[in-house]
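Below is one structure, written out as structure tokens; the observations come after it.
There are 2 protein chains.
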Amino acid sequence: MNILITNDDGIRADGIIELAKELAKTHKVYVVAPDTQRSATGHAITIHEPIMVNKEYIDDNICAYSISGTPADCVKIGIEALFKDINIDMVLSGINNGPNLGTDVIYSGTVSAAIEGFIQNKPSIAFSLNEFNVSKEIYSQVSKYASKIVNDIKDKLNILNDCILNVNIPNGEVKGTKITRLGERKYENVLEERISPHGKRYFWIGGQVKELEQENDSDIAAIEEGYITITPVNIDMTNNKKIDILKNELL
Amino acid sequence: MNILITNDDGIRADGIIELAKELAKTHKVYVVAPDTQRSATGHAITIHEPIMVNKEYIDDNICAYSISGTPADCVKIGIEALFKDINIDMVLSGINNGPNLGTDVIYSGTVSAAIEGFIQNKPSIAFSLNEFNVSKEIYSQVSKYASKIVNDIKDKLNILNDCILNVNIPNGEVKGTKITRLGERKYENVLEERISPHGKRYFWIGGQVKELEQENDSDIAAIEEGYITITPVNIDMTNNKKIDILKNELL
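Residue numbers (my numbering), protein chains in the order written: chain A, 1 to 251; chain B, 1 to 251.
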């Protein structure tokens, strides 16, 4: 296959380099990634300024660019411009430095890149590692799991006709794979207020994960048990169940 | 009610000023908006830099701040910090300069602010005007429709327990209101390639809306006919229909 790979941690992140190298063993790999860290950008696109493009080197058999844009920009520019003469078969995003589970998916640049892949009519998967700041060697190991999922699904890509897959991989021993739902994730002490040396009020967004009871089939519960989680994520955000209720209540 | 209002066009946009003034006639209004234009930011949050806060003036009876953050940041900081001692009853976002219809919702800072309102456990509505760069007087007119929707729903806010409302309002004569689904919107000629004076390749994201046949009940079709569209938008993005299929195909 021709596979476009992007991420939100930027072109120099080990997660994308190891994923690209692993996939390049059996596929033709094209990379477009942000030139800097772009995590928590959600589905932002860059429309108020131009997007600069740089040729990058990862490996002799991988064609790579970085851009001054977001993960969603990377997919748009990869498919519609830089590689428009190549028939891209799949879009992969990751491997992200840290998990993208439950409610957090909405903030995730990694997942948004996969959603942009879907908008571009390509089967798309987001990969994240459930651990921060690990070594290159661990990403190399984890890339083999990602590659296996790609190869397992490559002959049935029509499964991805109305969703993307959000995959999270545990660090360490893997017990197996579970198909999951997005769990609920909340944070506490999210905002830290400070005063600048010039007397101005400002905030940092931070916070700790709040322990919530999780449904058994949630991605958050399954990864804690040591499973790779595969969650199908919707593209059409319409809440169909509410349509008739709203017709009765508001019209 | 105590109503928090934000937007993605920034604190000086007529859309938010007129909406805040209209709602302040019957409710207590609190405003936190980005200090500059932040459209197409999706659900980005600011975690790699601090968020500065400025006191702003809109009207004597409206308490307002601008921040150096995204629409989702505004809601987080409004509810968890600036107005944490006030029991906010609803979050409104808008009125946006231009529509947020169909597929575009995923890129929308306006809609993301409402989704962040939901994440903060508040009933939330996003409002957009289906026209760009109109006068203050038109926003003042359109704000009355927005205010009517808020007042129609205020005694049945439990409808918004698993969705937000995405409301688009036509410019000009309004034929009525329809409850709709998100339509499909695609663009053509999205990327324009240029060369800088220094010989560097760069892109602008732009493009024109592609005419697509729309289902009758889509927001795109209904607003073209002159209706206010109210679309319930999901928060849980799990594609439940695909879970059993994936279990059969991948495990």
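For every residue, glycine included, the Cβ atom is placed at its ideal position computed from N, Cα and C.
Label residue i either buried or exposed according to how many other C-beta atoms from any shown protein chain fall within 10 Å of its C-beta, with 16 as the threshold for buried.
{"i": "A/Q208", "result": "exposed"}
{"i": "A/S128", "result": "buried"}
{"i": "B/L251", "result": "exposed"}
{"i": "B/N130", "result": "buried"}
{"i": "A/G109", "result": "buried"}
{"i": "A/D85", "result": "exposed"}
{"i": "A/H48", "result": "exposed"}
{"i": "B/T231", "result": "buried"}
{"i": "B/I195", "result": "exposed"}
{"i": "A/D9", "result": "buried"}
{"i": "A/D104", "result": "buried"}
{"i": "A/N240", "result": "exposed"}
Under 8 Å Cβ to Cβ from residue i, same chain only, skipping five residues before and after it: list those, please.
{"i": "B/N237", "result": "Rather than Asn, the amino acid found at residue 237 of chain B in this sequence is Met. So the list is empty, once near-sequence residues are dropped."}
{"i": "A/E173", "result": "G226"}
{"i": "B/I235", "result": "I115, F118, I119, D162, C163 and I164"}
{"i": "A/E22", "result": "S140, S143, K144, A146 and S147"}
{"i": "A/V190", "result": "I205, G206 and G207"}
With a threshold of 6 Å on Cβ separation, who are the neighbours of residue i within its own chain once the five nearest residues in sequence on each side are excluded?
{"i": "A/G78", "result": "L4 and V32"}
{"i": "A/W204", "result": "E192"}
{"i": "A/D60", "result": "none"}
Would you kindly work out how many angstroms separate the C-alpha atoms of residue i and residue j, rounded to a whole number?
{"i": "B/A126", "j": "A/A44", "result": "17 Å"}
{"i": "B/P197", "j": "A/E56", "result": "21 Å"}
{"i": "B/K122", "j": "B/S66", "result": "21 Å"}
{"i": "B/N96", "j": "B/S143", "result": "11 Å"}
{"i": "B/T229", "j": "B/S124", "result": "16 Å"}
{"i": "A/A64", "j": "B/G199", "result": "19 Å"}
{"i": "A/D217", "j": "A/E184", "result": "12 Å"}
{"i": "B/D152", "j": "B/A146", "result": "10 Å"}
{"i": "A/S112", "j": "A/G42", "result": "6 Å"}
{"i": "A/K156", "j": "A/T6", "result": "22 Å"}
{"i": "A/Q214", "j": "A/F132", "result": "22 Å"}
{"i": "B/K154", "j": "A/E137", "result": "55 Å"}
{"i": "A/V75", "j": "B/G98", "result": "25 Å"}
{"i": "A/I58", "j": "A/Y139", "result": "15 Å"}
{"i": "A/V233", "j": "B/V134", "result": "37 Å"}
{"i": "B/R12", "j": "B/E18", "result": "11 Å"}
{"i": "A/I339", "j": "A/L82", "result": "The requested residue 339 of chain A is not part of the displayed model; chain A covers only 1 to 251."}
{"i": "A/N166", "j": "A/I159", "result": "14 Å"}
{"i": "A/T46", "j": "B/Y202", "result": "12 Å"}
{"i": "B/T26", "j": "B/E80", "result": "24 Å"}
{"i": "A/G206", "j": "B/D14", "result": "32 Å"}
{"i": "A/L212", "j": "A/I149", "result": "29 Å"}
{"i": "B/N2", "j": "A/G94", "result": "41 Å"}
{"i": "A/I16", "j": "B/I16", "result": "41 Å"}
Once you ignore the five residues that flank residue i on each side, which residues in its own chain have a CB closer than 7 Å to its CB?
{"i": "B/I62", "result": "A20, A24, V29 and V31"}
{"i": "B/K210", "result": "K186, Y187 and E188"}
{"i": "B/L101", "result": "N168, G183, R185, D219, I220 and I223"}
{"i": "A/N54", "result": "D35, Y65 and S66"}
{"i": "B/Y107", "result": "A40 and G42"}
{"i": "B/K242", "result": "none"}
Legend entry - Whole beta strand (DSSP E) elements within the segment 33–60 of chain B, 3-residue minimum: Unbroken beta strand (DSSP E) stretches of 3 residues or longer found wholly inside the segment 33–60 of chain B: 51–56, given in chain order.
Inset, instruction - Say whether the segment 30–44 of chain B touches the segment 58–70 of chain B, bearing in mind that this needs 3 or more beta-carbon pairs closer than 8 Å, one atom from each stretch. - result: The segment 30–44 of chain B, when compared against the segment 58–70 of chain B, does touch it at the 8 Å Cβ threshold.
Inset, instruction - Inspect the CB distances between the segment 169–188 of chain A and the segment 240–251 of chain B and report whether three or more fall short of 8 Å. - result: A contact between stretches requires three or more CB pairs, one per stretch, nearer than 8 Å, and the segment 169–188 of chain A meets this requirement with the segment 240–251 of chain B.
Inset, instruction - Count the CB pairs spanning the segment 86–95 of chain B and the segment 106–122 of chain B that are closer than 8 Å, and state whether there are at least three. - result: The way I'd put it, the segment 86–95 of chain B does touch the segment 106–122 of chain B; three or more beta-carbon pairs between them come closer than 8 Å.
Legend entry - Three CB pairs or more closer than 8 Å across the segment 220–235 of chain B and the segment 158–173 of chain B: Inter-segment contact for the segment 220–235 of chain B and the segment 158–173 of chain B is present: three or more beta-carbon pairs are separated by less than 8 Å.
Legend entry - Secondary structure, alpha helix (DSSP H): runs of 4+ residues fully inside the segment 99–184 of chain B: The qualifying runs are 109–119 and 136–153.
Legend entry - Whole alpha helix (DSSP H) elements within the segment 7–37 of chain B, 4-residue minimum: Listed in chain order, the alpha helix (DSSP H) runs fully inside the segment 7–37 of chain B are 14–24, counting runs of at least 4 residues.
Legend entry - Complete runs of the beta strand (DSSP E) confined to the segment 184–228 of chain B [at least 3 residues]: Listed in chain order, the beta strand (DSSP E) elements of length 3 or more contained wholly in the segment 184–228 of chain B are 186–188, 191–195, 201–205 and 208–210.
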